[in-house]
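Residue numbers for the sequence shown follow the working numbering, so the first one is 240 and each next one is one higher. Okay, so here's the structure we're looking at.
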Amino acid sequence: MDNLTYLSGENAEYIDSLYKAYKEDPNSVEFGWQKFFEGFDFGRSADSSGNAQAPELFFKEVNVLNLINGYRNRGHLFTKTNPVRERRKHLPTLDLENFGLSKADLDTVFNSGVEIGIGASKLRDIVAFLEQTYCGSIGAEYKFVRTPEVLSWIEHKMETSRNTANFSIEEKRRILKKLNEAVSFENFLGTKFLGQKRFSLEGAEALIPALDSVIEKGSELGIEEFVIGMAHRGRLNVLANIMQKTYANIFAEFEGKGYSAASPFGGDVKYHLGYSTDVITNNGNSIHLSLCPNPSHLETVNGVVEGMTRSKVDFKYAGDNSRIAPILIHGDASVAGQGIVYEVIQMAGLEGYKTGGTIHLIINNQIGFTTNYKDARTSTYCTDIAKVTLSPVFHVNGDDVEALVYAINLAMEYRQRYRNDVFIDILCYRRFGHNEADEPKFTQPLLYKAIEQHANPRDIYIKQLISEGKLEASLAKEMEKEFRGILQQRLNEAKELTSTYQDVKFGGAWSDMRISTAQDFESSPNTAVDEAILLDIAAKISTLPSDRKFFKKIEKLFDERKKMANTTHVFDWAMGEQLAYGTLLAEGKRVRLSGQDVERGTFSHRHAVLTLEDSEEEYIPLANVAEKQGPFDIYNSHLSEYGVLGFEYGYAMANPNALTIWEAQFGDFFNGAQIVVDQYIASAETKWQRENGLVMLLPHGYEGQGPEHSSARIERFMELCADYNMQVTNCTTPANFFHVLRRQFARDFRKPLIVFTPKSLLRHPLCVSKLEDFTKGKFQEVITDKYVKPAEVTRVLFCSGKIYYELLEKQQVDKIKNVAIVRVEQLYPLPLNQMEAVFNSFKNASEALWVQEEPENMGAWPYLLRKVRKTSFNDLEVISRKESSSTASGFARQHADQQAYILAKAFEMPVTEKEQKIAKKSVSKIYNVD
């Protein structure tokens, strides 16, 4: 009986038909109805009339069933879950009168008790059961789940235990121990480091025994590893009492001893730092714990944690997500207010991103900085987003630590059984302001008056245990005293330390990696591939199986690719890219590519996944390059930049042994994920000493497509470049793109790689590379001009990306011999020495110019202007569009005029029809997609 809301007096005929069916064959009705009718027959057996029609009592039985279902559906609205506030009132209530019952029925025995497993019972006992199960310290919100078996399992687990914990004395003492550690640790920090920010857990200390318990429970259920993401509140407590980071080290950080003047790293505040460790559970199992570093940008860490987890599932656990689980700890304001939460939750069931279910814990302080919860959301609960993935929610009173431990254990069981997300909303409070120096009474005077008088969860639990006869008051005081003594001893040790700084040591999957040096970027390593191997792979990825039927345009495209592999040995951009993947796969490396429309490619150039014409079957050429090749994972993502880029960053963060790529649909759209770029990709190594080899492919180029389809914002990346933190490239040939991708694996360190990729050049007849460009050499940071004679050159044009081909056409058409065009393929680290060497090779050159399509205040120019001031290029000038607040014109004619001006200016000639024609070509070449 999954849903009883339809049952009422008007449905007598329906109920009677069920009863008659039951009398003919008990197995013809649901099990719940079977038990109901068994009880009904038993109850009416004393009735000598033998009336086959349901009497009045029958309809009251139905009303009781409706009451039961009312509690299951809406009991969470009437729980005792708020420790410091009265709950909001909701109508209708669960009063008997709302279900056609009255107090006069309380001592009547109803067979409907079989529905909740207590058999025929008095109504007052049924109500007491329902109150305890659904309206106590736990409110269960789950009836929106659409799978009957899942609903039955949840109800069975809750109703057989009445949603009430039944822990042994040993388990209760363990809970108290962790709760005491949590409370005492915060109190100790508050007295010893007065005024320092720590974003205390006070008011939500029950989180610590809950995390401790879920690790134990997970260990029993086959979990070997947890990946945890959380914001700053309570992080120090989690680091100390869950992750087992030493108290001495944490205290030393408060003393400022984590800094070293010799370190090249800038570091971060202590409540942003990550940590990993192995813990031994009570059953003797070893569990690995990873706490992901995070910025202050709330919820950004979510995608990173999910990506790390998926990476470990793929690499470490051979695809078995029952052995690892992510835990995300949210705040009530952020889980309801930050869009990234929705983006990441939508990944939960997607093939390329699922991790087997996430345990979400919400530290629900009922306030966001100074904002009241009523102003922070429209939804009833901060967790209402759980309904997107049909994930059950348990709302728990944060003062009832046993209820919370019980709920998280139930959540762990659910996750392992159904591989779905589950939410636990911990209703608690924040004892101080947003930080310890903040005054919350400015905005919430009544709330904080109540909080001041409210006992902490430990003292509440001690009182409970004493009343149960499970603990002596003297033992509780001794426990607190002993732990404070330990903390004081560790503080004394911390004061003796001169520094806690340690050189970077990579472990686990990163054990073969090292920190890079400046010398590593002076030139690129060899990335060439043997000719026979390359041609063999080229043939395989351009050959379609003969026993399958493909779309005719696909067959034509692959025939052209086959000619490249077998005849011309000249490869376009798409083949250059796929040869990079194919050769890495043949070497046993893993390649993962995700983003919007990446399987086909936004501009219909990649076609890495082919759908058969007469079915939904797919064929992936790159999955068939070698017998023992590495896995090729390619996934069209959902329409998300922020969430998916964070996920792929996390995937690459967990393991350096995959070429992990995120491609934007258009480069212009990456700034939807600007936070990930700023807080992780650009700065993680400086802040947290964490390397990452993620590749970002950002389609970029001015082709008259308007302000949102032209620029991947080169300037945004360039302004973030420092300390050799990433690589920024704008390749002009398929071979150079091939080499820069392979370069990611050719070094024993990892750096993010940003590649501004072409659009119109995908089909440009000159944007091709010969076989020897792949089989000899390496990535070229700078490519000189081989058309001109060096002695005749008086002007050198430095450029990057698509503009080169337009300059080249102008140079070739007009046979200009005194102007050299030099391509800077790598913008960062800037190959300044190579640029100077190339310029000096033109002995008679008197001027150097930087030519770009972007406005003067955008593109690479602002960075170059800053970097060349004290070099031989200190008089470098720029030719570009004039500065602008918008990236590009929305008018094709204006775009062409601007482009023609750049070409003419580069060669110091008046704008003619010739320049106009060259400029207009780029407008028509791009594949129109919006």
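C-beta atoms are modelled at their ideal positions from N, C-alpha and C, and glycine is treated no differently.
With 16 or more neighbouring CB atoms inside 10 Å of its own CB, N419 falls in the buried class. The shortest C-alpha to C-alpha distance from S1119 to any of L1104, D1136, I1141 and R1105 is the one to I1141. Residue environment: E492 is assigned as buried (16 or more neighbouring CB atoms within 10 Å of its CB, all protein chains considered). Under a 10 Å Cβ-count criterion, F438 is classified as buried, with 16 or more other Cβ atoms of the shown protein chains found around its own Cβ. Taking 8 Å as the upper bound for CB-CB distance, L528 and T520 are not in contact here, some 11 Å apart. Within the stretch 496-562, the alpha helix (DSSP H) runs of at least 4 residues that lie entirely inside it are, in chain order, 540-554. Here I793 is actually not in contact with L878; their C-beta atoms are around 25 Å apart, not less than 8 Å. Around the beta-carbon of E1147, fewer than 16 other beta-carbon atoms lie within 10 Å, marking it exposed. Look at T320 here: in three-state DSSP terms it is coil, with no helix or strand label. When C-alpha distances from G358 are compared across F275, L433 and N337, the shortest belongs to F275. For E1093, the uninterrupted beta strand (DSSP E) run begins and ends at E1086 to P1094, by DSSP. Here R952 is buried, its C-beta having at least 16 other C-beta atoms within 10 Å. The beta carbon of K680 is closer than 7 Å to those of Y687 in its chain, skipping five residues each way along the sequence. Apart from sequence neighbours up to five positions away, the residues of its chain that approach D677 with a beta-carbon distance below 8 Å are F671, ordered along the chain. Listed as beta-bridge partners of S360 by DSSP are F349.
Non-local C-beta neighbours of N1057 in its own chain, meaning closer than 7 Å and more than five positions away in sequence, comprise E1031, V1032, T1033 and R1034, ordered along the chain. Following the DSSP letters along the chain, one finds R1034 inside the beta strand (DSSP E) bounded by residues R1034 to C1038. When C-beta atoms of the stretch 912-928 are compared with those of the stretch 499-514, three or more pairs fall below 8 Å, so the two segments count as touching.
Between E1095 and Y941 a beta carbon distance of about 14 Å is seen, past the 8 Å cut, so the two are scored as non-contacting. Contact holds between the stretch 659-669 and the stretch 598-606, because three or more Cβ pairs, one in each stretch, are under 8 Å apart. Annotation for I1060: no alpha helix (DSSP H) segment contains it, though the beta strand (DSSP E) segment containing it runs V1058 to V1063.
Straight-line measurement puts the Cα of L1036 at about 30 Å from the Cα of A903.
Shown here, L600 sits in a strand according to DSSP, grouped into three states. Comparing C-alpha distances from I624 to each of F722, A575 and D451 shows the shortest one belongs to A575.
At the C-beta level, L530 and Q577 stay beyond 8 Å of one another. The alpha-carbon of L666 is positioned some 23 Å away from that of P331. Taking all protein chains shown into account, A470 has 16 or more neighbouring C-beta atoms within 10 Å of its C-beta and is therefore buried.
When only Cα atoms are considered, K998 and G840 end up about 11 Å apart. In this structure, the alpha-carbon of P532 lies about 15 Å from that of I489.
When the Cα atoms are used, A443 and Y858 turn out to be separated by approximately 52 Å. When the beta-carbon positions are compared, G889 and V543 come within less than 8 Å of each other.
In this structure, N405 sits away from I447, with a CB-CB distance that is not shorter than 8 Å. In the DSSP assignment, the residues bridged to Y874 are S833. Residue state for I606 is assigned as strand, using DSSP reduced to three classes.
Per DSSP, H1003 is not a residue of any alpha helix (DSSP H), being assigned neither H nor E. The bridge partners DSSP lists for E857 are T850.
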